[in-house]
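Below: one structure, written as structure tokens.
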Amino acid sequence: MSTETLSLSRAMNEGLRKAMENDPKVVVMGEDVGKLGGVFRVTDGLQKDFGEARVIDTPLAESGIVGTAIGLALRGYRPVCEIQFDGFVFPAFNQITSQLAKMRMRSLGTLELPVVIRIPFGGGIGAVEHHSESPEAYFTHTGGLRVVACSNPSDAYTMIQQAITCPDPVIFFEPKRRYWDKAPVELDLSAAAPFDRAVVAREGSDVTLLAYGPMVKTCLEAAQADDNRSIEVVDIRSLNPLDESTVLESVRRTGRCVVVHEAPVFGGYGAELAARITEKCFYNLESPVLRVGAASTPYPPSRLEDHYLPDLDRVLDAVDRTFEW
Amino acid sequence: MTIDAAHGAPPGTGAQPPPELVQLLTPEGERIEHPEYDVDLTADEIKSLYRDLVIVRRLDTEALALTRQGELGVWASLLGQEAAQIGSGRALGPGDMAFPSYREHGVAWCRDVDPVKVLGLFRGVNHAGWDPREHNFHLYTIVIGSQTLHATGYAMGIQRDGTEDAAIVYFGDGATSEGDVNEAFVWSAAQNAPIVFFCQNNQWAISEPLERQSRIPLYRRAEGFGFPGIRVDGNDVFAVLAVTKRALDNARSGQGPTLIEAFTYRMGAHTTTDDPTRYRLQAELEAWKLKDPIERVKAYLVKSQMADKEFFAAIDEEAKSIGSDLRKRCLELPDPEATAIWENVYATEHAPLAGERDRFTSYLGSFEEVTR
Ligand SMILES: Cc1ncc(C[n+]2csc(CCOP(=O)(O)OP(=O)(O)O)c2C)c(N)n1
């Protein structure tokens, strides 16, 4: 076992590098992923080491990135696509939801599409429009896609490698505001949890916070800040398929649950969790499952994002409210 | 067999303009003839173009400084592209509609958009502070290429209204790869829409040189779609003006779309978050410095004795004061109220949204009670 302290961006980079070393069929493709190393430097140095045939600076065309990745996968390659920012995935929406997601089923299971689509997502970095969105619900709603989100450097390193070896298409969300957070990373994957498992990030007994991606850290800080209650934090990690047993087990123990995400609450992924938990843990619940998320509006100008995005106070406010029942 | 992707010429070396480039003013400030294009400008008109060029460069400098000081979140500099923007912007008639991308601050200037409103977007106080209809200058569009279809549809509307107007849409070299842009070419050709596609080929799409997007000069793409394409020296304000005017006139007179490739160079970083030293060579920058869009107009004005020292000093002074006024007004831009999040989402308020807003307002109020 060996560990190294890495930023999330660097951990992604090391994970990609490992995957490329392990399998010559892995190709990385996206806008500015070559010389520049991606706008978040996740692919830094990969083109230099693996060449232009395996690290492709693509034309500025997202539908093309995913569409050609499908073709490469049909030919036996394992493409890892980078969509530069969350708001730019939509030109590729047809290729992802209508083509990529459905080909296994349409081919009666004969075709395999091990395509990974990496998307830096979420806000909190003071960016202009379309650079701060949380589009995960569009993809969790689409059967045939795996949707995962990493929350820390260690998971970034392991989950990207697991995603690349997975035979299904994976939408891989990276919490862009956490790219520069550092933490020790276990470089040996053998003991790592499978990437479709949720993990208890912090144990507690009074209430369960469910989160993924950037909000895991916010929830951990909230749990830390609350001296009165013992707060458990579950990192969902795999949004679809959902690791139901880990989630339900936690809520059954604590009897209270708050779901936290950056995406708008209305029709968001939290609705799925709340409904499922209500259905399966009804008699264990002391209070309704509450949701904390963004307003049901377009992402606002950045000077308003601190109001728009959930923060520690809003998480604790919801925790307070679950105890009011 | 393993192959390494073939990419032709290394970055930058494909940037030599071929002879078919329309140029009316050389980098040295010599006025030259072109068999098809000319402009007939009075001394005052030339001086006025010069003034525009200097002012928009100054506004850009101010915005860059404001970004470095943390007053703007990010800035997309127009440095080097002044002539492409002023030349085309000044070719527009009042009824023409311009659809910008996100770097067209010079065109915004030509459309009388208060520059502080442009800064508002980059400061993060709004997504666009101007009324597009008041200026016939649409909102900035960041999702690459999307606006080319909006402009095409708008032009189809003009066509159906039977007015003597046209639409012009701005986009970059990288944008030409997007499906939307290619669909806009198809649509405008099929509809014979009164539109000018104005591509500022500044040679780079962030870190990717043009070679990653195209094997032929961009203006030649038009032919395949069935309309004319033309390459103009994007650093020559006279040539850009002449070529854009002609394309707009052609659109107005029922001759359909034109693609203009303004051959220019992005002298700065892609935006203030970019580090161009990672992907391009200083030598390329040095070569383009010699083609500066402002210096050549200045040289011409001097040589032809249309302007004296006092004129240039006065313009510099004016640009400086417009710049410092902009800075002052930028710093005074108020942050929006939190409730602005819920404004203008729908034509009329609806209950769930209003409920969200009201709950948030009382939530914020609970903090005030605590601190009181
Ligand atoms: C659909 C989409 N994909 C990616 C981006 C990220 N992005 C912003 S600007 C840019 C490069 C644009 O290059 P070009 O079209 O040449 O215009 P320039 O910025 O050089 O003016 C990219 C990839 C985006 N804004 N929209």
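Here the protein sequences line up with chains A and B, keeping their order.
Converting from the first sequence to this note's numbering requires adding 4 to each position, the first position being numbered 1.
Converting from the second sequence to this note's numbering requires adding 1090 to each position, the first position being numbered 1.
Glycine residues also receive a C-beta, built at the ideal position from the N, C-alpha and C atoms.
As the structure is a computational prediction, the values presented were derived from the model and not from experiment.
- Taking a cut-off of 8 Å for Cβ pairs, the region 1381–1396 of chain B and the region 1112–1129 of chain B touch, as three or more such pairs fall below it.
- Inter-residue distance for Ile1306 (chain B) and Tyr1355 (chain B) is about 18 Å (C-alpha atoms, whole angstroms).
- The alpha-carbon separation between Pro292 (chain A) and Pro245 (chain A) amounts to approximately 24 Å.
- Relative to the non-hydrogen atoms of ligand 1, the Cβ of Arg1321 (chain B) never comes closer than 6 Å to any of them.
- Comparing C-alpha distances from Glu276 (chain A) to each of A:Ala215, A:Ala23, A:Gln103 shows the shortest one belongs to A:Ala215.
- Interface flag for Gly130 (chain A) against chain B is set, since a Cβ pair is found closer than 7 Å.
- The C-beta of Asn1216 (chain B) comes closer than 7 Å to at least one C-beta of chain A.
- Interface with chain B (7 Å Cβ-Cβ cutoff): His265 (chain A) is excluded.
- Beta-bridge partners assigned by DSSP to Asn1291 (chain B): B:Phe1353.
- Taking Val59 (chain A) as the centre and dropping the five residues before and after it, the same chain places the C-beta of Val31, Val32, Met33, Val37, Gly38, Thr47, Leu50, Gln51 closer than 8 Å to its C-beta, in chain order.
- For chain A, the residues of the region 1149–1165 of chain B that bring a beta carbon within less than 7 Å of one of its beta carbons are Gly1163, Val1164, in chain order.
- Thr301 (chain A): not part of any beta strand (DSSP E); DSSP gives it neither H nor E.
- When only Cα atoms are considered, Arg257 (chain A) and Lys1207 (chain B) end up about 54 Å apart.
- Under the three-state reduction of DSSP, Asn244 (chain A) is assigned to strand.
- Val1271 (chain B) counts as buried, since at least 16 other C-beta atoms from the protein chains shown sit within 10 angstroms of its C-beta.
- Here Gln1237 (chain B) is not near Pro63 (chain A), since their CB atoms are 7 Å or more apart.
- Here Leu76 (chain A) has Val31, Pro83 as same chain residues with Cβ atoms under 7 Å from its own Cβ, once five neighbours each way along the sequence are excluded.
- Taking Glu283 (chain A) as reference, the option from A:Glu248, A:Tyr312, A:Ala195 with the minimal CA-CA separation is A:Glu248.
- In this structure, A:Asn17 is the residue among A:Asn17, A:Tyr312, A:Glu8 with its C-alpha nearest to the C-alpha of Ala160 (chain A).
- Per DSSP, Pro118 (chain A) has no beta-bridge partner at all.
- Counting along the chain, no beta strand (DSSP E) covers Tyr1390 (chain B); the unbroken alpha helix (DSSP H) around it starts and ends at 1383–1393.
- Taking the Cα of Pro157 (chain A) as reference, the smallest distance to any Cα among A:Ala197, A:Val189, A:Lys180, A:Ser102 is reached at A:Val189.
- In the structure shown, the three-state DSSP call for Cys1420 (chain B) is helix.
- Placement of the Cβ of Asn1434 (chain B) at a distance of 6 Å or more from every heavy atom of ligand 1 is found.
- Among the CB atoms of chain A, one or more fall inside 7 Å of the CB of Gln1303 (chain B).
- Assigned with DSSP and collapsed to three states, Met1396 (chain B) falls in coil, not helix or strand.
- Secondary structure in the region 1103–1191 of chain B: the alpha helix (DSSP H) runs of 4 residues or longer, each lying completely within the stretch, are 1133–1158, 1172–1179 in chain order.
- The alpha carbon of Ser306 (chain A) has as its nearest neighbour, out of B:Tyr1140, B:Cys1420, B:Leu1443, B:Val1164, the alpha carbon of B:Val1164.
- For Arg280 (chain A), the closest of A:Ser300, A:Cys261, A:Glu266 by C-alpha to C-alpha distance is A:Cys261.
- A:Val255 is the residue among A:Ala197, A:Val255, A:Gly126 whose C-alpha sits nearest the C-alpha of Ser209 (chain A).
- Contact of Glu1298 (chain B) with chain A by beta-carbon distance below 9 Å involves Glu35, Asp36, Gly38, Lys39, Leu40, Asp61, Thr62, Pro63, Leu64.
- In this structure, DSSP gives Pro1366 (chain B) a helical state, which the three-state scheme calls helix.
- Interface annotation for the region 306–318 of chain A against chain B: Ser306, Arg307, Leu308, His311, Tyr312, criterion Cβ-Cβ distance under 7 Å.
- For the options B:Leu1168, B:Leu1300, B:Trp1277, B:Asp1425, the alpha carbon positioned closest to that of Thr1362 (chain B) is the one of B:Leu1168.
- Pairing Arg1368 (chain B) with Leu40 (chain A) gives a Cβ-Cβ distance under 7 Å.
- The Cβ atoms of Asp1382 (chain B) and Leu1111 (chain B) do not sit closer than 7 Å to each other.
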